[in-house]
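Student: I'd like to ask some things about the structure below.
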């Protein structure tokens, strides 16, 4: 998939990771002190589809906030597109997040009095992009998720699955390359969950880098590669995850 300039959403064509964590930790001061993330190392290649699975309170949300540049690690190195984000100002982090990272949440967060296309278009407004072409880009994003025929519908007239697809379109409209999904099927029934997961499969096939955080094993199993978070530690089935040491798995596969 390409953006409006014809540039592929795949980045890091030289093979370098788009996301690289080295011994990243997060500690919240007390009392009592909470070690939300113990030293975690992770490499995500362009076009990867990573499932991050773990129970409530395991550290998944803390990891998502760090990956999404919504929070800073206490110690360790986080490189995004080869840039150490520790040296970025808050304004620089906001610009990087707005241009390179899309978010999909469990709650759809659609404005009720705005149509589907207006909700998608607002992502470009908040992103500070040029006014010209916003509506056309929003319509293309809705078409990409199969909802162009519902572009002018209000959220209250959309099913849960349709609302989540609008949320996915909103995440994609700026061609971010990396999409972080936080429990994207948590509010959906099983049939709708399958349709949303089929959509994520297709987006990954089109070149988007996907990181899906979930507590559901079946959702994580759709990813090409999976890691687990337990008590703030990242692991794979074979042990602690090492930078650049993850094995690329087929969808539905498991680590040896």
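Residue numbers (my numbering): 280 to 535. Built from N, CA and C at the ideal position, the CB exists for glycine as well. Note that this is a predicted model, so its numbers are computed, not measured.
#1: Return the Cβ separation of residue 323 and residue 490 in integer angstroms, given the expectation that the two are a contact with Cβ distance under 8 Å.
#2: Give the straight-line distance between the Cα atoms of residue 419 and residue 394, rounded to the nearest whole angstrom.
#3: Residue 438: which of 460, 475 and 501 sits nearest, CA to CA?
#4: Hey, is residue 391 close to the ligand SAH, as in C-beta under 6 Å from one of its heavy atoms?
#5: Label residue 312 either buried or exposed according to how many other C-beta atoms from any shown protein chain fall within 10 Å of its C-beta, with 16 as the threshold for buried.
#6: Can you tell me whether residue 482 is buried or exposed? The criterion is at least 16 other CB atoms within 10 Å of its CB, across all chains shown.
#7: So, does the region 501-516 touch the region 345-356, judging by three or more C-beta pairs under 8 Å?
#8: With a threshold of 16 other CB atoms inside 10 Å of the CB of residue 390, please say whether the residue is buried or exposed.
#9: Suppose contacts are defined by Cβ-Cβ distances below 7 Å. Is residue 502 in contact with residue 366 by that definition?
#10: With which residues is residue 461 paired in a DSSP beta bridge?
#11: With respect to the alpha helix (DSSP H) encompassing residue 484, which residues constitute its N-terminal and C-terminal limits?
#12: Give the range of the beta strand (DSSP E) segment to which residue 312 is assigned.
#13: Would residue 452 and residue 417 be called neighbours here (beta carbons separated by less than 7 Å)?
#14: Which residues does DSSP list as the beta-bridge partners of residue 508?
#15: Going by DSSP, name the residue or residues bridged to residue 441.
#16: Taking the alpha-carbon positions, what's the residue 421 to residue 461 distance?
#17: Are the CB atoms of residue 442 and residue 384 nearer to each other than 7 Å?
#18: Can you tell me whether residue 320 is helix, strand or coil according to DSSP?
#19: Am I right that residue 339 and residue 333 are in contact with their C-beta atoms under 8 Å? What's the rounded C-beta distance?
#20: Using CA coordinates, which residue listed in 320, 449 and 310 is at the minimum distance from residue 406?
#21: The alpha helix (DSSP H) that contains residue 396, what's its start and end?
#22: Which of the three DSSP states is assigned to residue 451 in this structure?
#23: Determine the burial state of residue 415: buried for a count of at least 16 other Cβ atoms within 10 Å of its Cβ, exposed for fewer.
Tutor: Quick look at the numbers:
#1: 7 Å
#2: In this structure, the alpha-carbon of residue 419 lies about 15 Å from that of residue 394.
#3: 475
#4: Among the ligands in the structure shown, none appear at all, so the ligand SAH cannot be discussed.
#5: exposed
#6: buried
#7: They do not touch, by the three-pair rule.
#8: exposed
#9: no
#10: 384 and 492
#11: From DSSP, the alpha helix (DSSP H) with residue 484 extends over 469-484.
#12: Boundaries for residue 312: no beta strand (DSSP E) harbours it, and the DSSP string shows neither H nor E there.
#13: If you check the CB distance, residue 452 and residue 417 come in under 7 Å.
#14: 513.
#15: In the DSSP assignment, no residue is bridged to residue 441.
#16: Straight-line Cα distance between these residues: approximately 20 Å.
#17: no
#18: strand
#19: Sure, about 5 Å apart at Cβ, within 8 Å.
#20: 449
#21: Per DSSP, residue 396 belongs to the alpha helix (DSSP H) from 395-405.
#22: helix
#23: Burial call: exposed.
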